[in-house]
Amino acid sequence: MSLLGFPKFFLKYSGLIFLPIISGFLGIFVATYDYKSATYKRKLNHNSWQEILVGKYLVIISVLFIALVFTTLISLVIGGLSVHFIESIDVSKYGSIFEVHNSLLDLAALGLTVFLMDVITAVIWFTLSLIIKSSVISIVLFLLYDLVLPNFGKYDFKNGMMNVFSNVGKDVITQPVPLLQIPFLEAWGILIVHVLLALGIGWGIFYKKTRFTL
Numbered sequence: 002m003s004l005l006g007f008p009k010f011f012l013k014y015s016g017l018i019f020l021p022i023i024s025g026f027l028g029i030f031v032a033t034y035d036y037k038s039a040t041y042k043r044k045l046n047h048n049s050w051q052e053i054l055v056g057k058y059l060v061i062i063s064v065l066f067i068a069l070v071f072t073t074l075i076s077l078v079i080g081g082l083s084v085h086f087i088e089s090i091d092v093s094k095y096g097s098i099f100e101v102h103n104s105l106l107d108l109a110a111l112g113l114t115v116f117l118m119d120v121i122t123a124v125i126w127f128t129l130s131l132i133i134k135s136s137v138i139s140i141v142l143f144l145l146y147d148l149v150l151p152n153f154g155k156y157d158f159k160n161g162m163m164n165v166f167s168n169v170g171k172d173v174i175t176q177p178v179p180l181l182q183i184p185f186l187e188a189w190g191i192l193i194v195h196v197l198l199a200l201g202i203g204w205g206i207f208y209k210k211t212r213f214t215l
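Everything in the sequence shown is counted per our numbering, starting at 2 for the first residue and increasing by one.
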């Protein structure tokens with residue numbers, strides 16, 4: 002295993018399961034925080050609803066980017082320390098799990114994909130949580146959808162995300178739900194449609210709420 006092996010291994014096998022869960026929680030927390038603290042009304046006295054939402058989206062993107070960079074750096078350190086140990090082990094007997102290539106470009110592509118998947122997940126659940134308003138209900142629905150409910154078909158959000166990730170991650174042996182193969186560009190199209198629908202519906206409902214009461 003090379004220096005880049007451990008970061009690629011980590012991103013490959015956590016980027017499809019654990020990191021999206023963290024991103025969903027982040028989106029829900031950012032959306033419902035001002036409901037809990039009852040500060041939306043006060044903020045609307047100084048900023049428009051568009052400025053408030055854009056600011057929150059920027060917070061989500063910034064936190065996820067910093068988290069990804071920090072995690073990747075820690076993984077590089079761990080990978081560098083474990084190189085000599087791994088070299089003393091015959092990893093070929095474990096199959097393709099540890100087959101990595103010393104390519105910074107591959108790592109960057111994988112990292113960018115994980116980052117975009119996390120941002121999309123966070124944005125969708127942030128926007129839905131604006132409608133729901135309750136962090137508890139939002140978290141329950143998120144966990145039910147992400148971990149319990151099956152894949153609803155090739156146009157399901159989870160199926161689109163898995164198809165995009167599997168094209169970049171390669172050899173992902175752990176899938177949270179069965180994967181229905183679709184073309185790479187079509188998978189991206191599914192994700193974009195889901196994001197636009199969530200943004201359109203969420204922003205519309207949030208705008209109506211700000212005209213009356215939060």
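Even glycine gets a Cβ: it sits at the ideal position worked out from N, Cα and C.
Sub-8 Å separation of residue i and residue j beta-carbons
{"i": "L74", "j": "V115", "result": "no"}
{"i": "N168", "j": "K159", "result": "no"}
{"i": "K155", "j": "Y36", "result": "no"}
{"i": "K44", "j": "I53", "result": "yes"}
{"i": "V165", "j": "W204", "result": "no"}
{"i": "V196", "j": "I132", "result": "no"}
{"i": "L113", "j": "I61", "result": "no"}
{"i": "L20", "j": "D119", "result": "yes"}
{"i": "S139", "j": "I18", "result": "no"}
Burial state of residue i, where buried means 16 or more other Cβ atoms lie within 10 Å
{"i": "T33", "result": "buried"}
{"i": "V101", "result": "Confidence at V101 is low in this model, with a pLDDT of 46, below 50, so its placement is unreliable and no value can be given for it."}
{"i": "S63", "result": "exposed"}
{"i": "I193", "result": "exposed"}
{"i": "K209", "result": "exposed"}
{"i": "L59", "result": "exposed"}
{"i": "F71", "result": "exposed"}
For residue j and residue i, the rounded distance between their alpha carbons
{"i": "E12", "j": "N46", "result": "It should be pointed out that residue 12 corresponds to Leu in this sequence rather than to Glu. For L12 and N46, the distance between alpha carbons rounds to 42 Å."}
{"i": "W126", "j": "I22", "result": "10 Å"}
{"i": "V149", "j": "I202", "result": "25 Å"}
{"i": "K9", "j": "A109", "result": "9 Å"}
{"i": "A123", "j": "A199", "result": "11 Å"}
{"i": "G161", "j": "I191", "result": "6 Å"}
{"i": "E187", "j": "L65", "result": "25 Å"}
{"i": "L144", "j": "V78", "result": "32 Å"}
{"i": "V137", "j": "V31", "result": "13 Å"}
Boundaries (first-last residue) of the alpha helix (DSSP H) holding residue i
{"i": "Y36", "result": "19-38"}
{"i": "F116", "result": "105-133"}
{"i": "K44", "result": "41-45"}
{"i": "V149", "result": "Unbroken run through V149: none, as it is neither H nor E."}
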